[in-house]
Structures are given as C-alpha cells and as structure tokens.
Amino acid sequence: MSVASTISEVLRAGARALEGHSGSPSLDAQLLLGKVLGSNRAALAAHPERPVAAAEAAAFRALLEERRAGVPVAYLTGVREFWTLAVAVSPAVLVPRPETEVLVEAALERLPADVPRAVLDLGTGSGVIALAIASERPRSRITATDVSAGALAVARANAASLGIDRIRWLRGSWFDAVPGERFDWIVSNPPYVAAADPALVALSAEPREALTPGNSGLEAIERIVADAPRHLNAAGGLAIEHGADQGDAVAALFAARGFEAVRGVSDHAGRPRVTLGTISDVQRG
Ligand SMILES: C[S@@+](CC[C@H](N)C(=O)[O-])C[C@H]1O[C@@H](n2cnc3c(N)ncnc32)[C@H](O)[C@@H]1O
Numbered sequence: 014m015s016v017a018s019t020i021s022e023v024l025r026a027g028a029r030a031l032e033g034h035s036g037s038p039s040l041d042a043q044l045l046l047g048k049v050l051g052s053n054r055a056a057l058a059a060h061p062e063r064p065v066a067a068a069e070a071a072a073f074r075a076l077l078e079e080r081r082a083g084v085p086v087a088y089l090t091g092v093r094e095f096w097t098l099a100v101a102v103s104p105a106v107l108v109p110r111p112e113t114e115v116l117v118e119a120a121l122e123r124l125p126a127d128v129p130r131a132v133l134d135l136g137t138g139s140g141v142i143a144l145a146i147a148s149e150r151p152r153s154r155i156t157a158t159d160v161s162a163g164a165l166a167v168a169r170a171n172a173a174s175l176g177i178d179r180i181r182w183l184r185g186s187w188f189d190a191v192p193g194e195r196f197d198w199i200v201s202n203p204p205y206v207a208a209a210d211p212a213l214v215a216l217s218a219e220p221r222e223a224l225t226p227g228n229s230g231l232e233a234i235e236r237i238v239a240d241a242p243r244h245l246n247a248a249g250g251l252a253i254e255h256g257a258d259q260g261d262a263v264a265a266l267f268a269a270r271g272f273e274a275v276r277g278v279s280d281h282a283g284r285p286r287v288t289l290g291t292i293s294d295v296q297r298g
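See below:
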C-alpha cells in the first residue's frame, strides 16, 4: 500500500490491498479503518479529507495484513451487525451470517408477540438467534445452549451489554443440556458443512466444531430432528438452518420423524436455507 494521508486516500489504498482476498474490499477497508479511528462508516464518508496520522495508517496496514491472511473482518473489529443488534464476536464463535436472519424471521412469524412461548436455541454461538428473538418477543422464555464454554461466554457477554437478561444459557451437547424439558419452538443453526468440503479451507479462522459435524454434513441435523419431538409441546415446531443443497434431505428427515406441515424457506438469493415443521401430539420417550 502506498503512503497516503487522507481518509479517502487510505481507504482507496486499503480496498486495493484487499482485492482478491475479500468479496467486499471497499466495505472491509471502511470497517477496518473505522476500527482504527474509532469512527463508523458514516463518519468516514462525511470527512474524506480528514488526515490520517502515520500511527493510524500503520495500525490500519496491520489489520489489512490479517484480513489478507483470511481473518474475518468481524474478528478484527470485534463486532458484527445481526438483525437489529450489534454483537461482539471472537474466534470462539462463528461469525453470524445474514442467511441466519431468515431463520429468525421464520421463527418470529410463528411466535405471537402477546403469548409467552418457550423457545430453545440449540448451538447458540455468539447468541444472535436467541438475542434477536428475545429483543422482538420480550414475553418469550428463551433457553440457549452450546457445547462450547467459550461460545457461551461470548453469548452471555452480549446479553449483558445489550441489557437482555431473560435468556437461560446452558452448556451441553444438543438436548443433553435440557434433559426432560419441553418447548413450544426449537430453533437451530447447527454445523452443517461436510468435513471434506473445500469451502472449509477459506473458513479456517472460525471454530471447526461450529462449521462441520462430520463426514456428510448432516450428522448434527439428524440428531436434532430425531430428538426434537421428545422436547416439544403439542403443536410445537422445529426450525433448522441448513446448506442450500440440503433442503430435500432435511425435509425427508423431518417427515421421517413425524413432523407435519414441513416446508422450506429460501434466503434472499432464492436458495432453500431453512426447514420448518410442527408436531401435533406430545411424543413420550
Ligand atoms: C453454525 S454455528 C451457529 C452459531 C450461532 N447460532 C449463529 O447462528 O451464528 C453452530 C454452533 O453449534 C455449536 N455446536 C457444535 N456442536 C454442538 C453440540 N454437539 N451441541 C451443542 N452445540 C454444538 C457450535 O459450538 C456453534 O456455536
């Protein structure tokens, strides 16, 4: 990157340095310079002529190097926007993805605002799904679980900084965290990338256990769909995020376990990313 002295010059040079290393070089450069200067993107855009000190430019270049090495922007800034919330993220958690907002939206459509529903978020990571639902449905009773203690620490800290204190955070593998309990809705964005998927290479900065459950990619979803009926109240439902090519397989798993009204929901690019279904009767066992 050449020597540059104003915000607009530094940003241009930063975006050039990220070409070929990021799908959104300009945006990444803005977020990283904003981190260094303690400004948001609007403030950068409002003062393109502001001088950037040598120490600030050096700090920016160091962040660009990490980004070029594959570190997600959110790990470098420590923050990610999700739904209406700004959440803290660290390498202990998956960086929340926009497609997960499809899951939140689908769940909210089925959670009336005026009725207190019991909701379980399995594999909560940074807590984004549970926090988004809690922010929109203050009467819900929400439980969020993860097998990772590091992830739960991030989620709890997010709840504290957002002033959301009604979520119960529990550690354990899937339903082991809630033995004998039942819920009205269970939501989950579990790991679903196949272990041999080459896409994992580009995601190596994120926790592997958040991304892949095993060889086929369906192992965690199979477990959750199989056990969910014994943790649902009558007329309860399950909503799961999955890969764009897993919709048919996940719908078949739902049907095999007695779920009704099984349907898929697509993301904004028209790819099937969420499957939902309900059960009519309480299942024992
Ligand atoms: C794809 S990430 C989703 C994180 C977050 N819900 C989101 O949407 O950004 C999957 C999460 O499942 C957790 N996980 C993996 N295996 C698990 C298990 N056996 N039991 C509970 N959680 C698990 C991971 O630690 C990770 O936080």
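14 is the number of the first residue of the sequence shown in the numbering used here; add one for each residue after it.
Quick reminder that beta carbons are idealized off the backbone N, C-alpha and C, glycines included.
Predicted model, so just to flag it, every value in this text is computed and none were measured.
(request) Could you tell me which uninterrupted alpha helix (DSSP H) segments, each at least 4 residues in length, are contained entirely in the segment 40-93, listed from first to last along the chain? (result) 54-59, 67-81, 86-90
(message) Using only the alpha-carbon positions, how far apart do GLY51 and ILE237 sit?
(response) 42 angstroms
(message) What I want to know is whether the C-beta of LEU183 ends up closer than 6 angstroms to one or more non-hydrogen atoms of ligand 1.
(response) no
(message) Mapping the DSSP letters down to three states, classify ARG130 as helix, strand or coil.
(response) coil
(request) Would you identify the three-state DSSP class for TRP96, choosing helix, strand or coil? (result) coil
(request) In the DSSP assignment, find the alpha helix (DSSP H) that holds SER217 and state where it starts and stops. (result) Careful: SER217 lies outside any alpha helix (DSSP H) and carries neither H nor E.
(request) Flag this pair as touching only if the segment 201-208 and the segment 245-260 have three or more C-beta atom pairs under 8 angstroms; answer yes or no. (result) yes
(request) Confirm the yes/no value for this check: CB of ALA164, any heavy atom of ligand 1, distance under 6 angstroms. (result) yes
(message) Strictly by DSSP, which residues pair up with PRO285?
(response) SER279
(request) Indicate, with yes or no, if ligand 1 has a heavy atom lying under 6 angstroms from the CB of VAL287. (result) no
(request) Would you identify the three-state DSSP class for GLY249, choosing helix, strand or coil? (result) strand
(message) Can you determine whether any heavy atom of ligand 1 sits closer than 6 angstroms to the C-beta of THR113, and answer yes or no?
(response) yes
(message) On a Cα-Cα basis, can you pick out the residue from ILE177, GLY27, LEU31 that is closest to ILE146?
(response) ILE177
(message) According to DSSP, simplified to helix, strand and coil, what is GLU32?
(response) strand
(request) Tell me whether GLY185 sits in a helix, a strand or coil according to DSSP, three-state version. (result) coil
(request) Please go through the segment 113-172 and give each complete beta strand (DSSP E) segment of 3 or more residues, from N-terminal end onward. (result) 131-135, 154-159
(message) Can you check which of these residues, THR158, ALA162, ASN171, ASP159, is closest to SER148 by C-alpha distance?
(response) ASN171
(request) Mind checking who ARG22 pairs with in its DSSP beta bridge? (result) The question names Arg, but residue 22 in the sequence shown is Glu. Partner(s): none; GLU22 has no beta bridge.
(message) Are there any heavy atoms of ligand 1 lying less than 6 angstroms away from the beta-carbon of GLY177, as far as the coordinates show?
(response) At residue 177 the sequence reads Ile, which differs from the Gly that was named. Incorrect: ILE177 has no Cβ contact closer than 6 angstroms to ligand 1.
(message) Here's the rule I'm using: 16 or more other beta-carbon atoms within 10 Å means buried, otherwise exposed. How should ARG179 be labelled?
(response) exposed
(request) Hey, could you find the ends of the beta strand (DSSP E) VAL200 is sitting in? (result) 196-201
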